[in-house]
Every structure is written in structure tokens, then in C-alpha cells.
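Asker:
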Amino acid sequence: MNKPRTGLLAILMMTAALAGCVGEDTSDLDAQIDDLNNMTTNLTQTLEERDVAISELEAAIAGHESNIAGLEAAMTLMEEQRDSLLALLSDSQEFANQTIALAEAMNETIAGLHAMLGENATQVQQLQTDLAEQQDLVAQWQQTAEDNRADLTGADLSGADLTGADLGNATLDYVHATHLQGCPAVLPANWQCVQNILLGPFADLRGVDLTGVDLTGVDLSYANLSGAILEWAHLYVAYLSGADLTGADLYGAFLEEADLSGATLHGADLSYARLSYADL
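The working numbering runs 251 ahead of the 1-based position in the sequence shown.
1) Starting from residue 445, trace the beta strand (DSSP E) both ways and give me its first and last residue.
2) State the DSSP-derived secondary structure class of residue 525, mapped to helix, strand or coil.
3) In whole angstroms, what is the alpha-carbon distance linking residue 338 and residue 311?
4) Tell me whether residue 423 sits in a helix, a strand or coil according to DSSP, three-state version.
5) Anyone know if the C-beta pair for residue 501 and residue 529 falls short of 8 Å?
6) Look up residue 315 in the DSSP assignment and say whether it is helix, strand or coil.
7) Distance, Cα to Cα, residue 288 vs residue 296?
8) Please classify residue 273: does DSSP put it in a helix, a strand, or coil?
9) Based on Cα-Cα distance, which residue from 412, 356, 478, 454 lies nearest to residue 470?
10) Evaluate residue 527 with the Cβ neighbour count: other Cβ atoms within 10 Å of its Cβ, from every protein chain shown; 16 or more gives buried, anything less gives exposed.
11) What first and last residue would you give for the beta strand (DSSP E) that runs through residue 449?
12) What does the alpha-carbon distance come out to for the pair residue 318 and residue 307?
13) Sorted by chain position, which residues of the same chain lie with C-beta nearer than 7 Å to residue 516's C-beta, five sequence neighbours on each side aside?
14) Spell out a yes or no on whether the region 498 to 513 and the region 472 to 483 are touching, meaning 3 or more CB-CB pairs, one atom from each, closer than 8 Å.
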């Protein structure tokens, strides 16, 4: 900034020295000196203006440098935020992939359930058809019995609904009728329905469970009771003549005065059975 001024002053001093060495006519020289002074003034003013402009430019540069530093800091922060967002995006993509896989597995499960539902519906329909056929068959038996012309010898009526049926004149020899849905209203003489089981002479009662049941005076003559469970059953004065009690469980049964004449007791368990006055 001061070097141009120093050079200008040096030029002026040299010009003044030269002027002293020239002759007595100094009018032109004075004019030149005045011009030089004016030029010096103008140059000084110009230099001052440039100094102001340079200061302003330096201030502007400092402001720009400050702005650049702020922008660089902001860019660093934005880069960190960008990296965080990219990491979140990666995690979200992984979660989305897991969700899609889970949804596909659930779709497969739902498809399998629909298939099973269809199969079950088919089975239910078949069972309903079978049930209708059985109900029709039971209705036929019931109607036949109610017409008092029924010969049900050897029939398997297990699970049948005989509610209100009139079997008064029916032949029930060797009938197997357990787990009935309902008992008949009328039965032949010496027959009875106990716990939805038909009990009478010649009845097929293989494997029946009559544990603890009161069967006092029941007529089971010649009935097939092989494998039957009669633990603690009350069989006072029961008629069991000719009955097949092979392998029957009569543990603790009350058989006082029961008629067991001709009964088959091979393999029967009579432990603790009460047989006082029983006819063996």
C-alpha cells in the first residue's frame, strides 16, 4: 500500500533537483510541478479509495470465509444425518423383508387351513349322510316295533334312539343294545332299560360296564355277560341261570340269593363277592 507513494515522492524530488540545474526560465517547470502536484493529489486520493475498496473486499472475503466454514460444518452434520438415515433405511428394509416372509408363511398356513376346512366339511357332510341313514334305520325299527310285529333277534341297536318306542311284543333275544340315546316306553316282560342299556333274558351284554349299578331282581338268564364289569353291582335275587359270565369282573358284587345255576363262571373274578344263599 505505501510503496507507490514512496516511488512517487522519489520522482518528485528528482524532478525538483533537475529543475535547479536548468537555467533561469522556470515558468514551464513550475507549471509542470503544479501538474505533478495535482497528479500526486489525484493519485493519493485514488490510492486512498483503493485502500477503502481493498478493506471492504478483505472484510467481504472474511465474511465469505466465515460462511464457508459454517457451510462446511453444516455439510458435515448433514453427512452424519445422511449416514444415520441410510442405516435406518437398511434396518427398515430388513424388517420389511422379514414382514414379507412372515406374511407369505401366514398365507401358506391359511391356505392349508382352508384345505383342511374343505376336507372337514366333506367329512361332516358324509357323517351327516351316515347319521341320516342310521336315523332312518332306527325309525324303521321303531315303527316295526310299534306295530308289535318286531323280531329283533340278534339286532345291534347300540347308540339307537328308542325314546318312546313300544317294544312290548318284540322279540329281543340276543339283542345288543347299549349306549342308547333314549329308552323305549314299553318293553317285553322281564326286560328293563337301565342306564340306557337293555337288560333281559338272552341279552347280548358282552363287555358291558355296570359297576355299582342296582340290578336287584334283574332277569339275565342265559344272557351273554362275558367280559362284563359288574364290580360292586347289586344283584340281589338276580336271575343269572345259564348266563355266560366268562371272564366277568364280579369283584365285591352283591349276589345274595342270586340264581347262578348253570352259569359259566370260567375266569370270572368273584373276589370279595357276597354269595350267601346264592344258587350255584
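Beta carbons are placed, not taken as given, at the ideal position from N, Cα and C, and that holds for glycine.
Answerer: Taking the definition as stated:
1) Note, residue 445: beta strand (DSSP E), 443 to 445.
2) Shown here, residue 525 sits in a strand according to DSSP, grouped into three states.
3) Residue 338 and residue 311: Cα-Cα distance of roughly 40 Å.
4) Coil at residue 423, not helix or strand.
5) It is not a contact, given that the beta carbons lie outside the stated cut-off.
6) Residue 315: helix per DSSP, three-state reduction.
7) Taking the straight line from one Cα to the other gives about 12 Å.
8) The pLDDT assigned to residue 273 is 47, lower than 50, so where the model puts this residue is not dependable, and the model offers no usable value.
9) Closest by alpha carbon: 454.
10) Residue 527 is exposed by the Cβ-count criterion.
11) That run of the beta strand (DSSP E) goes 448 to 450.
12) A straight-line Cα-Cα distance of about 16 Å links residue 318 and residue 307.
13) Cβ neighbours of residue 516 beyond the five flanking positions: 496.
14) The region 498 to 513 makes contact with the region 472 to 483, as at least three CB pairs between them are under 8 Å.
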